[in-house]
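Okay, so here's the structure we're looking at.
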Amino acid sequence: MANSLQMSFQQLSKVLLQYRHYWQLLPFSCDRLPWPDDELHRRIMALDELQVSQIDQCVSLQQQHFAECFPALFSLPDVITATQSREITALPFWLSNGIAGRKLQQIDALCQHWPASQLPVVEWCAGKGHLGRSLAYRFGQAVTSIEWQPDLCQQGEEMAAKYELAQQFMCADVLAAPLQHVLHEQQHLVALHACGQLHITLLQQAVAAGCQQLHLVPCCYHLIPHTPYQPLSTEGMQHDLLLNKDDLKLVVQGQVTAGARIEKLRLTEVLWRLAYDELRIELSGQVQYRPLPSVAKHWFSADFADFARWAAAQHQLSLPAKPDWARYLQQAEHRAALVRRIDLVRHLFRRPLELWLALDKALYLQQHGYQVSLSELCAHNVTPRNVLLHAKKPALTLPR
């Protein structure tokens, strides 16, 4: 398995480097398709908006339309291994009450991958401890749920006490200081969708403590304090892709779990940011794209004029008394269509990039004596962040 993971990582690194000018770019900064590839241009520009959307969400359609343009990408071997899942019973309604539908499916999926063990469990970034409560109920293991928000800890403690489960909570900021007094060898760490630096810190602290087992489903790889991304493994350092936050955000773009309202807000956000950029160029004369900070999605349910005024303040620009808002929105339509087509190609590399990041973490654990596997937690429509990393220390063979 060690050699297999290394070979997969090297192949992924080679392909991602070979095609890096197709994905390692900022679409908002482009005024035309940025690749010198006539056949790719022809295929992209022949698509209507519905086809762009359909292909973006369907792996088989991506292969059908683009395999000839990117043969090395579509011939990569599968990194994810099949694992045997265990039968579990459904949680009783009083225990599953309050857990959103997809979240409950994800918890059930992780429980189906749970190995037979009596190790005490540490749940990382637990929230209210829904996962820990499910593990305590189903498998009778003692669970310590670590969460930094006191109100969530209190709610979790109350539910555990109410249902007489072996679950306790610890209120702690895992990024502030190592939990040396909490973590030790005879433990099983688990984290379901721990973001960015939170899951990196989990891996580092698990290695330092020598924890026996680990189940991790990473998420939001871009939520790290500094970029470029610092690979954890020796292999990652040797094949460093120099990933910035825009590259890392690419991994989590195109969430298939988003509802129609969220998708509409996302499209509105793209259009409004580009419309403001048209305004900014006209006022400043500076053609080079200037990014704006992230903002809450509720901004894009309001009025474009309010967003443009906020954006102008970020760039210290003075607006005219009565801007022609409609004109800037109309000008942005062409750029928004271009961005969608550039992203259609960039999105071909989302999963390979995610697997590269997961393999870097798997190889890091291997370097520290763990047996590691990567498997699929659940179907893509339950969560696109469905890479499950399982690591365990091999059993010691005692001398006779």
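Take the sequence shown: its letters are residues 1 to 400, numbered as in UniProt numbering.
Note that CB positions come from ideal geometry on N, CA and C, so glycine has one too.
With fewer than 16 other beta carbons inside 10 angstroms of its own, residue 173 counts as exposed. The Cβ atoms of residue 232 and residue 209 do not sit closer than 8 Å to each other.
Taking the Cβ atoms as the reference, residue 349 lies roughly 7 Å from residue 19, within the contact range of under 8 Å. Note on the stretch 67 to 153: whole alpha helix (DSSP H) runs with a minimum of 4 residues are 71 to 74, 93 to 96, 101 to 112, 130 to 139, in chain order. Note that the stretch 193 to 213 does not touch the stretch 135 to 150; fewer than 3 beta-carbon pairs, one per stretch, sit closer than 8 Å. Annotated as distal: residue 241 and residue 5, with beta-carbon spacing of 8 Å or more. For residue 366, the enclosing alpha helix (DSSP H) covers residues 350 to 367. In this structure, residue 8 and residue 79 form a Cβ contact; the two beta carbons are roughly 5 Å apart against a cut-off of 8 Å.
For the alpha helix (DSSP H) assignment, the uninterrupted runs of no fewer than 4 residues enclosed by the stretch 232 to 307 are, from N- to C-terminal side, 234 to 238, 245 to 251, 260 to 284. The continuous beta strand (DSSP E) containing residue 375 extends over residues 371 to 376. Burial state of residue 159 is buried, judged by a 10 Å Cβ sphere holding 16 or more other Cβ atoms.
For residue 189, the beta-bridge partners assigned by DSSP are 122, 214. In the DSSP annotation of this structure, residue 52 is not part of any beta strand (DSSP E); the continuous alpha helix (DSSP H) holding it starts and ends at 49 to 56.
The beta carbon of residue 67 lies closer than 7 Å to those of 74 in the same chain, with the five residues before and after it left out. Taking 4 residues as the shortest admissible run, the stretch 304 to 337 contains the following complete alpha helix (DSSP H) segments, listed from N- to C-terminal end: 304 to 314. Contact annotation, residue 318 with residue 83: C-beta distance approximately 59 Å; criterion of less than 8 Å not satisfied. Excluding the 5 residues flanking it on each side, residue 52 has same chain C-beta neighbours closer than 6 Å at 340, 344, in chain order. A Cβ-Cβ contact shorter than 8 Å links residue 392 with residue 212.
Remark: three or more beta-carbon pairs, one from each stretch, lie closer than 8 Å, so the stretch 267 to 281 and the stretch 326 to 341 are flagged as touching.
The C-beta distance from residue 358 to residue 218 rounds to 7 Å, short enough to meet the 8 Å contact threshold. CA-to-CA, the gap between residue 95 and residue 188 works out to about 22 Å.
Cα atoms of residue 266 and residue 304: separation of roughly 14 Å, rounded to the nearest angstrom.
The residue among 355, 186, 199 with its C-alpha nearest the C-alpha of residue 395 is 186.
For residue 390, the number of other beta carbons within 10 angstroms of its own is at least 16, and it is reported as buried. A Cβ-Cβ distance of about 5 Å is found for the pair residue 120 and residue 142, placing them in contact under the 8 Å criterion.
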